[in-house]
Structure formats: C-alpha cells, structure tokens
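Residue numbers (the working numbering): 15 to 63.
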C-alpha cells in the first residue's frame, strides 16, 4: 500500500514539474514559480527527513 502511494506521489510530482515549466513560460509564472517551487521543496524535504 505504501509502495502504491509512493508511485502516485512521484507521478503527481512529475505533473507538478510539467505544470511549473508551462507556468514559467507565462509572465505570471515569474511571480508564482518561486512560491510553487518553495512549496514543492518543503514537501520533498519533509518526506525525506
């Protein structure tokens, strides 16, 4: 069960990264990208603590 959840989170992370790359292309992305990146980094860091 835990393994399945890990696969799901990694797929979601991939989608997040893809979305961020698309957002980076937009002018608004310059404002929002650091916020989203910071959020992802905190989530990843909490998981690996």
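Beta carbons: idealized from backbone N, C-alpha and C, even for Gly.
Everything numeric in this text was worked out from a predicted model, so none of it was measured.
Per-residue DSSP class, three states only, for residue 62:
The count along the chain shown starts at 1 and reaches residue 62 at position 48. In the three-state reduction of the DSSP assignment, residue 62 falls in the coil class, being assigned neither a helical nor a strand state.
Cα-Cα separation between residue 21 and residue 28, rounded to whole angstroms:
By 1-based counting over the chain shown, the position of residue 21 is 7. By 1-based counting over the chain shown, the position of residue 28 is 14. Using only the alpha carbons, I get a separation of about 11 Å.
Going by Cα to Cα distance, which pick from 17, 34 and 25 is closest to residue 51?
Against the chain shown, residue 51 aligns to sequence position 37. Looking at the Cα atoms, 34 is the closest of the given residues.
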